[in-house]
Structure formats: structure tokens, C-alpha cells
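Here the protein sequences come in this chain order: A and B. Using the numbering used here, the letters of the first sequence correspond one by one to residues 428 to 560. Using the numbering used here, the letters of the second sequence correspond one by one to residues 176 to 352. Even for Gly, the Cβ is constructed at its ideal location relative to N, Cα and C. Note that the structure is predicted; figures quoted are calculated from it, not measured.
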Amino acid sequence: TVGAVAYDSKGNLAAATSTGGMTNKQFGRVGDVPIIGSGTFANHIAAISATGWGEQIMRNVSANTIANYMEFKEASLDEAMDFILNERLDPGDAGFVAVDHQGNISMKMNTTGMFRASLNSNGDRTVMIWEDE
Amino acid sequence: VDWAIALHGGAGTISQDLPDSVKQEYYEGLEQALRTGELILRDGGSALDAVEHVVRSLEDNPRFNAGRGAVFTKEGKHELDAAIMDGSTLGAGALTGLTTVKNPISLARKVMTDSPHILFSGEGAETYADETDVERVDNDHFHTERRYEQWQRAQEEARAITPEESIHDWIKDTKFG
């Protein structure tokens with residue numbers, strides 16, 4: 428799975444995700460990617476793209492939950508990501524990249540790795556695979 | 176912060192023992208996709224344009240499980256899914272089970288902007304593509320030898336599952352993006 432989220436100079440947020448699914452998947456199996464609110468979501472609060480075990484991401488309506496947690500709990504993007512990864516999903520289930528309405532970026536996973544990268548207009552740049560490198 | 180972008184190329188069990196040459200290919204793919212988004216956003220482009228073109232870059236990179244380089248289904252084919260969402264309007268477009276669209280994310284954007292619907296599936300998604308100018312390819316376009324070998328191993332492992340072993344355990348151990 429691949430995905431991207433962005434915050435532009437006019438303050439707009441967008442999210443996009445694309446995938447080939449899971450290896451050896453059965454006829455008609457659909458994962459989280461095309462399910463708006465599960466693998467892909469954007470509103471006025473945040474834009475989120477997910478990757479991982481699709482069935483688990485769907486059960487927890489994960490991308491939408493991150494945005495809702497921010498909106499209704501007045502939480503930060505990092506706090507919302509920690510909630511879904513630690514309180515709802517199980518270890519090894521998923522990873523997310525997200526950006527909020529102030530341009531804050533968060534990229535977190537509870538898997539051993541996630542291919543990821545980020546950049547903002549201040550020049551803050553990250554290109555990583557594992558948690559610690 | 177005037178603009179910001181983040182991207183991923185899948186998550187899962189990724190061995191730290193990857194050969195340096197393979198690691199380098201992944202890093203270069205991520206850098207290339209990041210550069211694509213940077214050029215759009217730095218020049219005042221929209222978040223929607225940025226995420227579409229970043230994902231296209233990753234779809235065209237055979238290292239990642241999307242577009243060319245997508246994994247194989249049980250039947251030995253490739254079925255692609257994609258979705259895009261505009262946070263400023265709640266506009267959304269999505270497709271599942273595409274087999275001949277080179278860059279599914281661009282068709283998802285057309286679903287969002289040109290149709291009154293959000294999600295098309297399977298044959299309907301292909302028919303929707305027929306009504307657009309998106310680039311089409313044979314399903315073999317998505318084939319890579321690495322994914323083919325993964326698929327062959329996955330088939331052998333699936334055949335080895337015992338009745339006592341839950342399919343969910345197997346999926347959990349093999350998921351990748």
C-alpha cells in the first residue's frame with residue numbers, strides 16, 4: 428500500500444491511498460484503502476492515509492477515528508495517532524501518515540517498520556523505514 | 176508552516192537485514208515521491224494535486240505494493256484499489272478491483288470530481304474507466320518477478336494451513352501494507 432497526505436498554502440487538506448491488496452487475496456476481497464473513513468480520510472481537521480492489516484483498520488474505522496478524536500477530544504494529532512495505535516488496534520496491525528489543519532505531521536506505526544517520508548515548508552525532512560534509525 | 180506533506184509506502188514486518196542496495200532503492204523511491212510533492216506545494220499547488228502525483232510516483236515504482244509491483248491475487252492476477260479525499264469539501268472518490276488502469280489514484284480523483292458517486296467496484300470500475308481518458312494497460316503490466324515469487328511462497332504456505340490453525344493467524348503473520 429502507498430499513500431500521501433498534504434496541507435497546502437491555502438490551508439486545504441487532502442489524502443490519497445492506493446494498493447494492490449494482500450498477497451494471495453481471495454475473490455472480491457476488499458481492504459481498507461477504498462473505504463472512506465477507514466484507510467483514507469480528510470476533513471477540515473486532518474488528512475490521514477493508512478497501511479497495514481485492512482480488516483483491522485476497517486473494524487476500527489481508523490482514519491476517521493483519528494480525525495474525530497482530535498475534533499471531539501481537542502487532542503493533538505500525535506495524541507490521536509497514539510489512541511488508535513495503542514488503544515484500539517493491536518500491536519503489528521497498522522501504520523498511518525497524517526497532517527493536521529496547522530500543518531503538523533505525524534507518521535506512526537505499531538509494526539516493525541513503515542516506509543515513510545515527510546517534508547514541510549520549514550525544511551523539516553524525514554525519510555525512514557524503521558522506528559529507530 | 177505554509178505547507179506540509181507526508182507519504183508512506185506500506186507498513187509491516189520489514190527486516191533490518193535488507194541488503195543495502197534494496198534499502199537504497201526504497202529510500203530513493205521515497206525521496207523521489209517526496210520531491211514530487213515538494214515541487215507542487217512549494218509553487219503554491221493544491222494539496223489534492225500533491226497527493227495524487229505523489230501516489231502516482233509510488234504506483235509507478237515496482238518496489239511498492241500499488242500499481243506496477245502490486246501483489247498477486249489467489250488467481251494469479253492483480254486487483255488494485257485506490258481512494259482520494261478532499262478535506263475542504265469532503266469530496267471523495269474510490270475504486271476497488273481495478274485490473275487495467277495504470278494509475279488507479281487518478282481515476283479515483285475523476286470519480287470524485289466527475290461523478291455523483293464515491294465508490295465503483297470490479298467490472299463497474301473498469302466500465303467507469305472506459306468512459307475516461309485514463310491510461311490503460313494489460314494486467315501483466317503490474318507483474319514483477321519479486322511479487323510472483325512471493326505469491327508462489329504464499330500459495331505453498333496457504334496449502335500448509337492445518338484445520339486447527341486460524342486463517343486469521345496466517346493473515347496476521349503475512350500482512351504487508
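- Look at B:Thr-274: its C-beta is not under 8 angstroms from any C-beta on chain A.
- One thing to note: B:Phe-295 has its Cβ no nearer than 8 angstroms to the Cβ of B:Val-309.
- Under the three-state reduction of DSSP output, B:Leu-265 falls in the coil class, being neither helix nor strand.
- Residue burial annotation: A:Asn-513 is exposed, with fewer than 16 other C-beta atoms found within 10 angstroms of its C-beta.
- By alpha-carbon distance to B:Val-197, the top candidate from B:Arg-238, B:Leu-182 and B:Arg-322 is B:Arg-238.
- For B:Lys-249, the C-beta contacts it makes with chain A under 8 angstroms involve Asn-451, Lys-452, Gln-453 and Phe-454, in order along the chain.
- With a beta-carbon spacing of about 7 angstroms, B:Thr-274 and B:His-253 fall inside the 8 angstroms limit used to define contacts.
- The segment 463–477 of chain A and the segment 526–542 of chain A touch, with three or more beta-carbon pairs separated by less than 8 angstroms.
- Using a Cβ distance threshold of 8 angstroms, B:Ile-215 and A:Leu-546 do not count as a contacting pair.
- Here B:His-316 carries a helix assignment [DSSP, helix/strand/coil].
- At least one C-beta of chain B is nearer than 8 angstroms to the C-beta of A:Asn-470.
- For A:Phe-542, a Cβ of chain B is located within less than 8 angstroms of the residue's own Cβ.
- Where A:Thr-446 is concerned, the enclosing beta strand (DSSP E) starts and stops at 440–446.
- In terms of Cβ geometry, B:Asp-256 and A:Gly-550 do not form a close pair [threshold 8 angstroms].
- Taking a beta-carbon distance threshold of 8 angstroms, A:Ala-474 counts as an interface residue toward chain B.
- Taken in chain order, the complete alpha helix (DSSP H) segments of 4 or more residues contained in the segment 186–228 of chain B are 195–217.
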